[in-house]
Ligand SMILES: CSC[C@H]1O[C@H](OP(=O)(O)O)[C@H](O)[C@@H]1O
């Protein structure tokens, strides 16, 4: 199947999963162009992707980061980002549920991180490895600013406009000792931002994420229930969709005014990768 052109991508996490994204947001200017597209990539077949249009802007999206049983997360991520590059995608949003590390945070808080701490142990998650990736401002400041503005428009609760996302491999959550170790170094914990943030930089795209607090890290404040976590996801999924769609509507008319592309450097090891 030929890969269609698109300007944006949204990597849907637990929040958009339950909203039949983007249709759950109920908007007149949204239309599905093609559904259930599976592409062949050098890393295997992708998950099913959906191409839709919002206010004339084409967006590729997938559910749950493209993770599937039997496919490593590294491969699922490579398949997606390889496809985004072929599609010409320049801006990628991710959304997801996270646990707290910072005890000031509560469930149903939003956080739009400006940094991350990669505690995953998976290796070799790039594509061709032709670039040295400088991870300064890895979460695009321009996209973050628009996300913050549009989250404020749709949500009257607490929105933290910066913070650090600690990334773990999962799929389990963390032990009390692990959360205690992260404390002071990160604010939230999840399993999605890495390796996406590296792959985005490698393909020359901007990347930013919107995270919703759905549980407390062990030992932080109080214990939580899985039922509550599910309720939070299901109740608030359409709001997350509306925030993302409005952010795309406003960014679509703006040029890239960030340094994301220039922080991808030709590697000094040129030649080693070329046969
Ligand atoms: C709540 S299940 C764990 C899963 O949730 C988070 O991701 P997302 O909401 O984007 O699917 C986190 O990163 C974990 O992978």
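Numbering (full-length UniProt numbering), first residue to last: 1 to 275.
We put the CB at the ideal spot given by N, CA and C, even for glycine.
Since we're looking at a predicted model, the values are computed, not measured.
Between residue 55 and residue 249, the beta carbon gap of about 5 Å places them in contact (Cβ cut-off 8 Å). Beta bridge pairing from DSSP links residue 8 with 59, 91. Fully contained in the segment 67-130 are the following beta strand (DSSP E) runs of length 3 or more, in chain order: 91-100, 115-118. The C-alpha of residue 28 lies about 32 Å from the C-alpha of residue 197. Residue 267 and residue 204 have their C-alpha atoms some 14 Å from each other.
Between the beta-carbon of residue 240 and that of residue 86 there is about 27 Å, and that puts the pair past the 8 Å contact cut. In this structure residue 121 does not touch residue 165 by the C-beta definition: roughly 17 Å separates them, more than the 8 Å allowed. The three-state secondary structure of residue 254, taken from DSSP, is coil. One thing to note: residue 13 has its Cβ within 9 Å of the Cβ of residue 65. Shown here, residue 1 sits in coil according to DSSP, grouped into three states, outside any helix or strand. Measuring C-alpha to C-alpha distances from residue 107 to each of 229, 254, 259 identifies 229 as the nearest. Rounded to whole angstroms, the gap between the alpha carbons of residue 148 and residue 161 is 7 Å. Taking residue 134 as the centre and dropping the five residues before and after it, the same chain places the C-beta of 263, 265 closer than 7 Å to its C-beta, in chain order. Look at residue 27 here: in three-state DSSP terms it is coil, with no helix or strand label.
In this structure, residue 190 lies away from residue 139, with their beta-carbon atoms at least 9 Å apart.
Judged by the Cβ position, residue 65 qualifies as a neighbour of ligand 1 at the 8 Å threshold, a heavy atom of the ligand being closer than this.
Excluding residues up to 5 positions away in sequence, 9, 60, 92, 203, 205 lie with their Cβ nearer than 7 Å to the Cβ of residue 84 in the same chain. Annotation for residue 191 indicates a beta carbon within 8 Å of some heavy atom of ligand 1. Cβ-Cβ distances below 7 Å link residue 238 to 19, 24, 25 in the same chain, with the five nearest sequence neighbours on each side left out; the list follows chain order. Short note on residue 24: C-beta not closer than 8 Å to any heavy atom of ligand 1. By alpha-carbon distance to residue 117, the top candidate from 168, 103, 102 is 168. The beta carbon of residue 17 sits closer than 8 Å to at least one heavy atom of ligand 1. When the beta-carbon positions are compared, residue 62 and residue 41 stay at least 9 Å from each other.
By the Cβ neighbour-count rule, residue 113 is buried, with 16 or more other Cβ atoms within 10 Å of its own.
Ranked by Cα distance from residue 171, the options 151, 67, 256 are led by 67.
Counting only the Cα atoms, residue 35 lies some 43 Å from residue 177.
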